[in-house]
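These protein sequence lines map, in sequence, to chains B and W. Position 214, counted from 1, in the first sequence is what the UniProt record's numbering calls 214; the numbers after and before it change by one each time, with no gaps. Position 144, counted from 1, in the second sequence is what the UniProt record's numbering calls 144; the numbers after and before it change by one each time, with no gaps. Every residue, glycine too, gets a C-beta built ideally from N, C-alpha and C. Only a predicted model underlies this, so the values are computations on that prediction, with no experimental measurement involved. Following: one structure in structure tokens, then a few remarks.
2 protein chains.
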Amino acid sequence: MKNILTIILGFCTAFAVANVDPQPGPKPKNIGIALFRAWQPMDVFGVFEALWELGLLTPINVYLIDADGSAAMVKPFNPFATGSNTTATVLADYSFDNAPPLDVWIVGGGIGTRDNATMAPVIEFTKKVYPSLQYMISVCTGASVLARAGILDGKRATTNKNAWAFVTQFGQRIRWQPHMRYVRDGNVWTTSGVSAGVDGILGWIEYVWGTNVSTTVTNAMEWYHSGANDDIFGTLHGL
Amino acid sequence: MKNILTIILGFCTAFAVANVDPQPGPKPKNIGIALFRAWQPMDVFGVFEALWELGLLTPINVYLIDADGSAAMVKPFNPFATGSNTTATVLADYSFDNAPPLDVWIVGGGIGTRDNATMAPVIEFTKKVYPSLQYMISVCTGASVLARAGILDGKRATTNKNAWAFVTQFGQRIRWQPHMRYVRDGNVWTTSGVSAGVDGILGWIEYVWGTNVSTTVTNAMEWYHSGANDDIFGTLHGL
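The following block contains the structure:
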């Protein structure tokens with residue numbers, strides 16, 4: 001069983017998404033990632049990892065940006081019922097007020113997306129910056145920020161399969177896709193939960209820079225890439 | 001092709017690693033993760049994500065620990081040839097001098113592992129703390145720290161497939177496994193590069209807490225789990 005899986009995965013990793021040429025025109029260079037209280041660790045750093053590898057191949061700048069340019073914690077608003085302590089504190093490079101011009105804006109998810117006061121400045125900044133972006137990307141429940149900013153109205157989109165009811169309450173006429181790993185609609189990319197963000201950003205890297213670049217990034221991360229349609233979690237989480 | 005892959009992956013995720021019972025005896029609770037200059041983003045935060053999800057189910061504490069208890073940056077020692085700027089700064093919770101008692105010590109990799117001065121205190125702390133640990137875990141080139149600390153001597157182990165020559169120069173009579181995703185030998189778990197750390201920690205969670213817990217964590221992360229033997233990257237990287 002595992003040998004068959006290894007062979008098929010190897011084949012898919014090597015060939016399934018072959019032959020995508022880079023997009024014509026200027027490539028995006030300045031990429032911002034949102035931080036806020038109770039952000040989800042891999043939503044941010046899975047994407048960050050792929051961009052770090054991309055940065056070895058092509059010139060980009062990656063900025064962590066939050067409301068006040070200080071420190072953003074993984075720590076939730078209320079203690080876990082288990083009593084666990086699993087916090088991490090990351091320093092932002094810029095605040096929403098002094099952020100540099102961005103070509104790409106990425107919003108991840110986490111428990112913080114459930115807190116309106118926490119998300120208000122993130123939604124406001126997202127709404128303000130979107131018209132000047134080349135690409136807008138969300139991971140996980142970060143899609144709720146795009147929906148609340150009106151960016152997904154009328155578009156196809158996806159989000160965390162285990163937080164479906166929460167996110168899909170927002171926005172107007174959004175065509176939510178419960179069985180997609182990630183979705184592109186125009187210049188907006190939305191991904192499913194947590195690790196799906198890495199597959200989405202790899203799909204986006206392939207779309208922008210072509211297959212040779214995305215394959216190099218994928219293999220450097222030793223990542224088994226799942227494509228836009230490769231989703232089992234919609235079904236596993238009852239959608 | 002993708003439909004077949006989805007079905008097989010779904011089958012493997014749901015059933016391939018079923019029926020592992022939890023380990024008897026007291027469960028590990030206090031888990032430290034090493035930080036140092038030029039750590040690899042997902043080596044730390046992929047593992048952190050799985051532990052964060054685990055913390056929702058069972059009481060654990062996760063501590064980020066570095067040499068001086070201050071801030072540790074992703075930033076490399078030398079600028080990238082591309083001119084890219086992809087830095088991130090994370091605050092440590094403790095230093096090696098004031099670290100709390102640990103049941104588990106996790107060392108990730110990154111460019112920093114190539115710098116002897118940076119790694120000297122990490123190697124020293126790892127050597128000191130190992131005898132009192134329940135479990136020792138490395139991700140990626142973090143295996144070089146365990147090898148330099150003498151912990152892998154005579155053991156089976158693996159590491160990043162794209163940094164194989166660098167890591168395998170260290171240690172004595174280590175039985176390096178070039179085609180494994182992750183390896184357990186006694187209480188020491190070593191994983192292959194970057195994202196393999198997540199598969200390794202999920203394998204470890206299953207070993208310690210059983211399949212029910214590890215499946216919940218895996219599905220919450222929307223992670224396609226690859227088992228210890230599911231490796232294609234040794235071959236892809238010419239091993």
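Within the region 166-185 of chain B, contact with chain W at the beta-carbon level (separation under 9 Å) is assigned to R181. Counting only runs of 3+ residues, the beta strand (DSSP E) found wholly inside the region 109-147 of chain B occupies 135-138, in chain order. Taking 8 Å as the upper bound for CB-CB distance, F80/W and L51/B are not in contact here, some 12 Å apart. About 13 Å separates the CB atoms of M221/W and F45/B; that is not less than 8 Å, and the two are not in contact. Scanning chain W for C-beta atoms nearer than 9 Å to the C-beta of I205/B yields nothing, as the closest lies near 14 Å away. Interface annotation, S192/W: in contact with chain B, CB-CB separation under 7 Å. D66/B is positioned such that its CB atom lies closer than 7 Å to that of L35/B. DSSP assignment within the region 62-100 of chain W yields the following whole beta strand (DSSP E) runs of 3 residues or more, N-terminal first: 71-73 and 89-91.
At a cut-off of 7 Å between beta-carbon atoms, I60/W makes contact with chain B. W189/B has I137/B and R184/B as its beta-bridge partners, per DSSP. Contact between P28/B and D103/B holds, with the beta-carbon distance rounding to 4 Å and staying under 8 Å. In this structure, N219/W is the residue among N219/W, A228/W, I232/W and D93/W with its C-alpha nearest to the C-alpha of D231/B.
For G227/W, the three-state secondary structure derived from DSSP is coil.
A Cβ-Cβ distance of about 6 Å is found for the pair V188/B and K155/B, placing them in contact under the 8 Å criterion. Spanning the alpha carbons of S192/B and N160/B requires a straight line of approximately 4 Å.
When DSSP reads this structure, G32/B sits in a beta bridge with Y63/B and W105/B.
W39/B carries a coil assignment under DSSP once its states are collapsed to helix, strand and coil. Short of 6 Å from the beta carbon of S95/B, and not among the five residues preceding or following it, lie these beta carbons of its own chain, in chain order: D68 and G69. Between the region 160-176 of chain W and the region 138-152 of chain W there are three or more inter-stretch CB-CB distances shorter than 8 Å, so the stretches are counted as touching. At a cut-off of 7 Å between beta-carbon atoms, N219/W makes contact with chain B.
In the structure shown, A157/W falls within a strand segment according to DSSP collapsed to helix, strand and coil. P101/B sits exposed, since fewer than 16 C-beta atoms from the chains shown fall within 10 Å of its C-beta. Beta-carbon to beta-carbon, I31/B and V74/B are separated by about 21 Å, too far to satisfy the 8 Å threshold. Not one beta carbon of chain W lies nearer than 7 Å to the beta carbon of M73/B. If you ignore the 5 residues before and after P59/B, its C-beta comes within less than 8 Å of the C-beta of K29, all in its own chain and listed in chain order.
In its chain, beyond the 5 residues on either side, no residue has a beta carbon closer than 6 Å to the beta carbon of N98/B.
Interface residue (Cβ-Cβ distance to chain W less than 7 Å): L202/B is not classified as such. For F77/W, the number of other beta carbons within 10 angstroms of its own is below 16, and it is reported as exposed. In the DSSP annotation of this structure, the continuous segment of the alpha helix (DSSP H) that includes T211/W starts and ends at T211 to A220.
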